Each structure stands twice: as C-alpha cells, then as structure tokens.
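Participant: What follows is a structure written as structure tokens; I'll ask about it next.
Residue numbers (the numbering used here): 96 to 260.
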C-alpha cells in the first residue's frame, strides 16, 4: 500500500462485505494422526480453468493451515441449501470432526470429503500459500470434481443463510 493511501476502518470493511452473498463451503483435511479437521469458509472460488485451479482463504486463527501444508491435499465442499446446520457445526476453530464422522468419506484422491449435502466437491492438491493479512490464501490444483446440478447452494449474506430461490 502506498504511504498516502489510508485503509478503510475494519468495521466498515466487514459491513461492506456482509452485503455480498457468498457460497458456503467446508474445507476438510486429514491430519497426520489420521483424524479429519474441517472449517467453514465463504472465501472459496475458482481461480483458473487451464489448468483447473481453485483458491480458498483460511483464517489463521483456526490452526488448520499447518495441517493443510503437511497433508498437501484438502477438499472444498460447497454446501447445499438445507445444510446450514453443517456450516455451523464446522464453524469451530478447526476442531476434530469425530462427531460428524458419519458424513465424511474418502474422495477419489483420497482426501476426506462430505458424502452428501453438497452442490459441488473439489479435491485439491496444494499449489501455493500466500499471505492475506489475518488469512492465508491457498491456491490449489483441482484433482477431482463432482457436483449435483439440480441442488440449490447454501449462501451467506448479512449474517444469515439463504438460497437463490
């Protein structure tokens, strides 16, 4: 940032972005001990079609980044409209997901993925990590993808969950 530029106040910044609807995704990673850790995020999107790449911003306070870097693979699971409860369950600070183990299955690569309740699932190989202030920005190669074209996505706006309909 140039020295004459002044950053907007944090509260104003947050309120502005609360007005922008975002898809709700759950990022899952297998730990070195064999468990699964997951977090909810609203900053996950496509990056490149050729090669297929995605990006996701992970809050550094969650403690998930060292696990993703160690594993080198993770999944991005975009939730279906009826899964707001799952979003809240995964919203903890990168906690072990033993209580939700019944919905977590190995993907094809075989990173942990959600078995149901998604509109799209991306299995990713970590490409790079970039500093994003209080977040880490991950870029990743998409190794596998599955989707439900007829499912409604869960979106988040102004502190509430919703859909397009």
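All C-beta atoms in this analysis are idealised placements derived from N, C-alpha and C, irrespective of residue type, glycine included.
The structure presented is a predicted model; accordingly, all values stated were derived computationally and were not measured.
#1: Tell me whether residue 157 sits in a helix, a strand or coil according to DSSP, three-state version.
#2: Would you identify the three-state DSSP class for residue 139, choosing helix, strand or coil?
#3: Counting pairs of beta carbons, one from the segment 222–235 and one from the segment 142–154, are three or more of them closer than 8 Å?
#4: Determine, for residue 133, whether the minimum Cβ-Cβ distance to residues of chain B falls below 8 Å.
#5: With DSSP as the reference, please indicate the residues paired to residue 225 in a beta bridge.
#6: To which residues of the same chain is residue 252 closer than 8 Å at the C-beta, ignoring the five residues directly before and after it?
#7: Name the residue from 199, 144, 215 and 133 whose alpha carbon lies nearest to the alpha carbon of residue 249.
#8: Report the residue from 129, 172, 222 and 259 whose alpha carbon sits nearest the alpha carbon of residue 123.
#9: Using the DSSP secondary-structure output, state which residues sit across from residue 147 in a beta bridge.
#10: Does the pairing of the segment 175–186 with the segment 219–231 give three or more beta-carbon distances under 8 Å?
#11: For residue 103, report the span of its alpha helix (DSSP H) as first-last.
#12: Please check the pair residue 121 and residue 135, which I expect to be a contact at CB under 8 Å, by giving their CB distance rounded to whole angstroms.
Facilitator: For this structure:
#1: As a working mapping, residue 157 is identified with position 62 in the chain shown. The answer is helix: DSSP assigns residue 157 an H, G or I state.
#2: Here residue 139 corresponds to residue number 44 of the chain shown, with the count starting at 1. Residue state, collapsed to three classes: strand.
#3: yes
#4: Structure shown: chain B not included; a single protein chain is present.
#5: On the chain shown, position 130 is the one that residue 225 refers to. According to DSSP, which records beta bridges pairwise, residue 225 is partnered with 232.
#6: Start at 1 with the first residue of the chain shown, and residue 252 comes out as number 157. So the qualifying residues of the chain are 113, 114, 115, 116 and 117.
#7: Translated into the one-based positions of the chain shown, residue 249 becomes position 154. Nearest of 199, 144, 215 and 133 to residue 249, Cα basis: 215.
#8: One-based indexing of the chain shown puts residue 123 at position 28. The residue with the shortest Cα to Cα distance from residue 123 is 172.
#9: Counted from its first residue, the chain shown places residue 147 at position 52. 144, per the DSSP bridge assignment.
#10: no
#11: As a first step, residue 103 is located in the chain shown; it is residue number 8 there, counting from the start. From DSSP, residue 103 is part of no alpha helix (DSSP H); its letter is neither H nor E.
#12: Counting from one through the chain shown, the residue named residue 121 turns up at place 26. Counting from one through the chain shown, the residue named residue 135 turns up at place 40. Indeed they touch by this definition, with Cβ atoms about 6 Å apart.
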